[in-house]
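Read the structure below first, then the notes.
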Amino acid sequence: MVAVAGRPMVHDLRAVLDAIGYVTRYGIEWRALPIDYPPHEAVYAFFVHWSRRGLPERLAGRLRGRLRILAGRAELPTAGCMDSQTMWVVERTFAWLVRYRRLTRIYERKPAHHEALIWWATVHQMTRRLTRELAAQPPSRRWSDPPPLPVLSSPDRRGKVLQLLTAQPWKAWKASELAAILGIENVNSFRVQLSQWSHQGYINKIGPALYGPMPTST
Numbered sequence: 187m188v189a190v191a192g193r194p195m196v197h198d199l200r201a202v203l204d205a206i207g208y209v210t211r212y213g214i215e216w217r218a219l220p221i222d223y224p225p226h227e228a229v230y231a232f233f234v235h236w237s238r239r240g241l242p243e244r245l246a247g248r249l250r251g252r253l254r255i256l257a258g259r260a261e262l263p264t265a266g267c268m269d270s271q272t273m274w275v276v277e278r279t280f281a282w283l284v285r286y287r288r289l290t291r292i293y294e295r296k297p298a299h300h301e302a303l304i305w306w307a308t309v310h311q312m313t314r315r316l317t318r319e320l321a322a323q324p325p326s327r328r329w330s331d332p333p334p335l336p337v338l339s340s341p342d343r344r345g346k347v348l349q350l351l352t353a354q355p356w357k358a359w360k361a362s363e364l365a366a367i368l369g370i371e372n373v374n375s376f377r378v379q380l381s382q383w384s385h386q387g388y389i390n391k392i393g394p395a396l397y398g399p400m401p402t403s404t
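The working numbering runs 186 ahead of the 1-based position in the sequence shown.
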């Protein structure tokens, strides 16, 4: 029997991994880790040890291979092409990485630690994407995509308008947009109805932008 040197393991490695991802994602100090994670001294020690071994880079390589196989490609690329479309992809990758607050600035004292955090952020992104692919879930909505409209279950028109305003309170709705969703053809009479509901106190989240410009007659 071979004796193992050193102290027995006292920390959950999955918890340590999650703690490193928490620091990378939210950009907090190591000392500011929540108490739900192992002590920050232990988490930082594992981070340094794993980074020296090149663990995050190897994890990213294995995850990249699995994602390529799921996409119907070979595990390893066989050729490369540098064109304008490929550089679109590079800029998009940079934009994804900047979402991790620890990468918005170079906070690390050693460049190797900053490079390791980039690899950890890449591992986190690939893990989430692989989970969605294996679960056959649709990709997450991008920031520029409009949010989905709620299911309008109210039987009357005023209730449907209230559902739209409640679901997207930040949006300055126009009467023409609401009319298009509700299938209303006479937009001018619908504007009058909205004004009446506003004065009666039924709608309290509308402004001048709701009505929009009046159509000019030709």
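Using N, Cα and C, we set each Cβ at its ideal position, and we do this for glycine too.
If I follow the unbroken alpha helix (DSSP H) through Trp216, where does it start and stop? Where Trp216 is concerned, there is no enclosing alpha helix (DSSP H), given that its DSSP letter is neither H nor E.
Would you say Leu368 and Trp359 are within 9 Å of each other, going by their C-beta atoms? no
Spatially closest choice to Leu320 from Leu256, Gln379 and Ala302, by CA coordinates: Leu256
Sequence-distant residues of its chain with Cβ nearer than 8 Å to Ala260 (five each side left out): Arg254
Could you round the C-beta distance between Leu219 and Val209 to whole angstroms and report it? I think they count as a contact, below 8 Å. 7 Å
Apply the 10 Å Cβ neighbour rule to Trp282 and answer buried if 16 or more other Cβ atoms are within range, or exposed otherwise. exposed
Does the structure place the segment 297-304 close enough to the segment 190-199 that three or more beta carbon pairs sit under 8 Å? no
I need the straight-line Cα distance from Val284 to Glu371, nearest angstrom please. 45 Å
What does the alpha-carbon distance come out to for the pair Ala228 and Leu199? 10 Å
How many angstroms separate the CA atom of Tyr293 from the CA atom of Arg217? 14 Å
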